[in-house]
Structure formats: structure tokens, C-alpha cells
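Peer 1: UniProt numbering numbers the first residue of the sequence shown as 1 and each following residue consecutively.
Ideal placement from N, C-alpha and C gives every residue a C-beta, glycine not left out.
The structure follows.
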Amino acid sequence: MSAPKPISRLVSHVILDLDGTLLNTDSVVSKVVKPFLVKNEKTWDSKKAHKLVGKTPYEAAAVVLEDYGLPYSAEEFLSMITPVLSEQWCNIKALPGATRLLKHLRSNGVPTALASNSPRSNIEAKISGHQGWKESFSAIVGGDEVEKGKPSPDIFLEAAKRMNATPSNCLVIEDSLPGVTAGKAAGMHVIAVPSIPKKAVEFSSADVVINSLLDVRPEKWGLPPFNDWIEDTLPIEPWFISGPVIKGFGRGSKILGIPTANLPAENFSDVVSEYTSGVYFGWAGLSTRGIYKMVMSVGWNPYFDNTEKTVEPWLLHNFGEDFYGEELRLAIVGYIRPEANFPSLESLIERIQEDGRIAEKALDLPMYANYKDSPYLRNTLQLGSTTDDSQAELNSK
Ligand code: ADP
Ligand code: RBF
Ligand code: MG
1 MSAPKPISRL VSHVILDLDG TLLNTDSVVS KVVKPFLVKN EKTWDSKKAH KLVGKTPYEA
61 AAVVLEDYGL PYSAEEFLSM ITPVLSEQWC NIKALPGATR LLKHLRSNGV PTALASNSPR
121 SNIEAKISGH QGWKESFSAI VGGDEVEKGK PSPDIFLEAA KRMNATPSNC LVIEDSLPGV
181 TAGKAAGMHV IAVPSIPKKA VEFSSADVVI NSLLDVRPEK WGLPPFNDWI EDTLPIEPWF
241 ISGPVIKGFG RGSKILGIPT ANLPAENFSD VVSEYTSGVY FGWAGLSTRG IYKMVMSVGW
301 NPYFDNTEKT VEPWLLHNFG EDFYGEELRL AIVGYIRPEA NFPSLESLIE RIQEDGRIAE
361 KALDLPMYAN YKDSPYLRNT LQLGSTTDDS QAELNSK
């Protein structure tokens, strides 16, 4: 997280972007584009996916066609892809912290608008899949309702106008560079939540850059604070992942004295990509050994500046041996903090030890302890990320 600039933090209204800020639209786009590429004898390259973020459909189409050398015009490509995509609009998952933020703003009477480059009808379809979202907005502005989309300030100015708000009293939350540019051009305060990893410097025009909506601190802007933190932890909608323990960097045990049982991130990229980087905790099941408390980091380890996103669970138990290849199942139930950089190895180690103490203690609270009995943690037959069924089974417990 970058240090916030000194600003007069008094806002009365909030304006939110939709795709990439509240919704994980990218994963749906890649789910649709992937099979299309296969049909055209090409392979989807997840490393190129970030190039589509914040683009209009036409711009994104042009990028895909060029990157993969496809023999279509952007219009032809869009006419083939759009019907398939449209069917998926109501199935896009909320990003971590999105529903929590909307509920908070609504229950505290903070007028909130939705301002998106996508056409109004698509916005309606996309938010229809999320209970309580539509009612959270006092105004919704689509790209087809103004003359120019982001990076032009029009959409944000129109949203402010519809809420009878002064632009300088508005707080914009945006994941894309065009969106941040538009918010600043509108004379508003801007929080950037980049969906493109490791590009925080490019967002320097924003007032503050955060990792995920879980890191929004409304009180910094003169808005009512969240009151759902419990003993330095934030309960989340649990997520479940599993896989064989693979070789990591080998430095956790050696340099930090903190071994992590890495999981193959590509096995559940659909789940992990949604859950942005950060330090989380929960329960870990090892088929032949038992169930243990666990604290983990997801992301790029800023201290080591990794190029690959990794999932690194540290089981709070002394095994005294390696267990590579064993099936590890995780129930992730809470959030602690964003991944950070540290001035020294000692301060990184001290912070991870502190995360361990926080997780150790929090997991005894009934709200987290209950998940220790999740059938998912013991079920060794089912591989990969969970289906909705196993999640429903768990939630009904
Ligand atoms: P690093 O030391 O960087 O995490 P690896 O990920 O390759 O390197 O190896 C660490 C290994 O240590 C894990 O894969 C696991 O087999 C083993 N291990 C032993 N104790 C623990 C523990 N308490 N938590 C996680 N992994 C552990
Ligand atoms: N690495 C970082 O660079 N920044 C962090 O904030 C950070 N937090 C971590 C928190 C926990 C609970 C764990 C287990 C690891 C964390 N690490 C962090 C990752 C650590 O650098 C990694 O496990 C080692 O590099 C071993 O691969
Ligand atoms: Mg490891």
C-alpha cells in the first residue's frame, strides 16, 4: 500500500466503478475467450490477460486479435463473442469486500453511485446477479449515457450531478488507469484498487493505492468506519482450495525459519485470481496427518519481488519433516492484512510471526473454529477448487 498523500479527507458521496472494482469481470471474459481461441487453434496466455483491463470492448477485441494473430476484424470478433459473453453477465462473481462495502455505505446512509464505461443494459444485467446491490445505488451511469467514456470525466460528473453532489466531495473507487484519470479530471478524490498486479506506480495520480476493497478505510475520508474487524481479523465469505504440496522457493524454511506448503496456483486460478493478494488464515487438512491452524500469504511477496503469484500456507504446527506431494486442503475463513514490503528481513519475519499469533488466537473464536469440522477438509477424493455444492453443504452447517 502506498502512503496516502496529505489531503483534506472530507467526502460525502462515493462513486464506484463496476468491472474489475466490484466484479471479477476478467475471469468471465477469459472463460469465454479461451475456448474461442482453442477453436482457432491458439492457446490462451494468462500473462497477456492484464492487457484487457480497463479497455472498451472494441479496444480489448483489437488487442486479442493482434496478440493471437486471428484473421478477423474487431467487429467480426465482437459479433461472435458478445452473445456468449452476454449470457455470462449475471454470473460474474463479486470481488472480495465488494458486498461488504456496499452494505456498509448503504446502512450508514452514504449516497453511492455506480459509474461504468459499459452500456447501461449490461450494467443492469451484471448487478442483477447480486442481491442488494441495485438498491445500494442512488444513481447508475452507463457509458452510453454520456458523450465520452473514461478517461474523460463525463461519467463521474454526471453521477455527481444525479446525486446533487459537489465533485470535490466525491470519493471515486477505481481499478483501471483510465478510470483513475477520469476521477482526477472530475476533481474528485480517488482510491485505486489496481486489478493489474505490481503496477501500483502507474497509479500515482490516485490519492491512495490499495490491494483490495478489504483495505478501504472509510474513516480516512470522513466516512463511518467499518466495525466488523474482530481481534485484528476480518471474517470473509470462506473459500476452499486444495492440491498436492509442491516445491516452493526453498527460502521460507532456510532464510525465514517459516516453511510454507505451496499449492499449485494454476489448479484453481479461477478462485485465486478473484482473491487478490493478502494475508489470510484458516484451517488446513492433510489427508494422513490431521487438521491444523494455518496462516498464509497470497501474492507476489513484495519483499522478494516475485514474478509469479504464489499461495503459501504456513501450518501452525511443528512437523519436523517435509510433506511434498501430500494432498493439502484449505478452508480460508478470514483476512489479516495486505502483503507488504519491509525494510529488513527481521521486520518481515517479525510481522509473519505476528500474523501467526493473530491467526492462532482468532481461530479459537467460534465463528472461525466451526470451520475446523468442514467436510471439505477431510474429503480427499475431491480435487481442485470446490463446487458450489460443497460450499453450500458447509454454509448449512
Ligand atoms: P519454503 O521453505 O520456501 O517454503 P518449500 O515451499 O519448497 O520452501 O518447502 C517447504 C516445505 O516444508 C513444505 O512444502 C512442507 O512440505 C514442509 N513443512 C514442514 N513444516 C511445515 C509447516 N509447519 N508449514 C508448512 N510447510 C511445512
Ligand atoms: N512476503 C512478503 O514479501 N510480504 C509479506 O507481507 C508477506 N507476508 C507473509 C505472511 C505470511 C503469513 C506468510 C506465511 C508469508 C508471508 N510472506 C510475505 C511470504 C514469504 O516471503 C514467503 O513465504 C517466503 O518468501 C517463502 O517463499
Ligand atoms: Mg513454501
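Have a look at 255, 362, 241, 370 and flag the residue whose alpha-carbon is nearest the alpha-carbon of residue 328.
Peer 2: Among 255, 362, 241, 370, the Cα nearest to that of residue 328 belongs to 241.
Peer 1: Heavy atom of the ligand RBF less than 7 angstroms from the Cβ of residue 314, yes or no?
Peer 2: The answer is yes for residue 314.
Peer 1: Hey, how far is the Cα of residue 403 from the Cα of residue 27?
Peer 2: Any question about residue 403 goes unanswered here, given that the chain covers just 1 to 397.
Peer 1: Does the beta-carbon of residue 133 have 16 or more other beta-carbons within 10 angstroms, so that it is buried, or is it exposed?
Peer 2: The residue in question, residue 133, is buried, as its Cβ has 16 or more Cβ neighbours within 10 Å.
Peer 1: So, is residue 39 buried or exposed, given that buried needs 16 or more other C-beta atoms within 10 angstroms?
Peer 2: Residue 39 is exposed by the Cβ-count criterion.
Peer 1: Please classify residue 335 as buried or exposed, where buried requires at least 16 other C-beta atoms within 10 Å of its C-beta.
Peer 2: Classification for residue 335: buried.
Peer 1: Taking DSSP as the reference, what is the three-state secondary structure of residue 36?
Peer 2: If DSSP states are grouped into helix, strand and coil, residue 36 belongs with the helices.
Peer 1: Give me the Cα-Cα distance between residue 314 and residue 224, rounded to the nearest whole angstrom.
Peer 2: Their backbone Cα atoms lie some 35 angstroms apart in a straight line.
Peer 1: Tell me the rounded alpha-carbon separation between residue 16 and residue 23.
Peer 2: So the two alpha carbons sit approximately 11 angstroms from each other.
Peer 1: Just mark residue 204 as buried or exposed, buried being the case when its beta carbon has 16 or more other beta carbons within 10 Å.
Peer 2: Exposed.
Peer 1: Tell me which same chain residues have a C-beta within less than 8 angstroms of the C-beta of residue 232, skipping the five on either side of it?
Peer 2: Excluding positions up to five away in sequence, the list reads 336, 358, 362.
Peer 1: What ranges does the beta strand (DSSP E) occupy inside the region 62-122, keeping only unbroken runs of at least 3 residues that lie completely in it?
Peer 2: 112-115, all fully within the region 62-122.
Peer 1: Using 8 angstroms as the threshold, is the C-beta distance between residue 262 and residue 311 below it?
Peer 2: Closer than 8 angstroms, so yes.
Peer 1: Since I believe residue 295 is in contact with residue 257 (beta carbons under 8 angstroms), could you give me their beta-carbon distance rounded to a whole number of angstroms?
Peer 2: Going by Cβ atoms, the distance from residue 257 to residue 295 rounds to 15 angstroms, so no, they are not a contact pair.
Peer 1: At which residues does the alpha helix (DSSP H) containing residue 359 begin and terminate?
Peer 2: Residues 345-362.
Peer 1: Label residue 229 either buried or exposed according to how many other C-beta atoms from any shown protein chain fall within 10 Å of its C-beta, with 16 as the threshold for buried.
Peer 2: Residue 229 should be labelled exposed.
Peer 1: Could you check where the alpha helix (DSSP H) with residue 183 kicks off and where it finishes?
Peer 2: From DSSP, the alpha helix (DSSP H) with residue 183 extends over 177-185.
Peer 1: Hey, how far is the Cα of residue 90 from the Cα of residue 131?
Peer 2: Cα to Cα, the separation comes out at about 11 angstroms.
Peer 1: Is residue 260 near the ligand RBF - that is, is its Cβ less than 7 angstroms away from at least one heavy atom of it?
Peer 2: Residue 260 Cβ: within cutoff of the ligand RBF.
Peer 1: Counting beta carbon pairs with one atom in the region 145-160 and one in the region 179-187, are three or more of them shorter than 8 angstroms?
Peer 2: The region 179-187, when compared against the region 145-160, does touch it at the 8 angstroms Cβ threshold.
Peer 1: Can you tell me whether residue 364 is buried or exposed? The criterion is at least 16 other CB atoms within 10 Å of its CB, across all chains shown.
Peer 2: Exposed, since its Cβ has fewer than 16 Cβ neighbours within 10 Å.
Peer 1: Is the beta carbon of residue 358 within less than 7 angstroms of some heavy atom of the ligand SAM?
Peer 2: The ligand SAM is not among the ligands present in this structure, which contains only the ligand ADP, the ligand RBF and the ligand MG.
Peer 1: Could you check whether the Cβ of residue 319 sits closer than 7 angstroms to any heavy atom belonging to the ligand MG?
Peer 2: No, since every heavy atom of the ligand MG falls outside the 7 angstroms radius drawn around the Cβ of residue 319.
Peer 1: Any beta-carbon of chain B closer than 8 angstroms to the one on residue 101?
Peer 2: No chain B is present in this structure, which holds just one protein chain.
Peer 1: Can you tell me where the alpha helix (DSSP H) with residue 156 in it begins and where it stops?
Peer 2: Segment 154-162, the alpha helix (DSSP H) holding residue 156.
Peer 1: Suppose you measure from the CA of residue 172 to the CA of residue 289; what does that come to, to the nearest Å?
Peer 2: The alpha-carbon atoms of residue 172 and residue 289 are separated by roughly 48 angstroms.
Peer 1: Since I believe residue 250 is in contact with residue 267 (beta carbons under 8 angstroms), could you give me their beta-carbon distance rounded to a whole number of angstroms?
Peer 2: 21 angstroms between Cβ atoms; not a contact.
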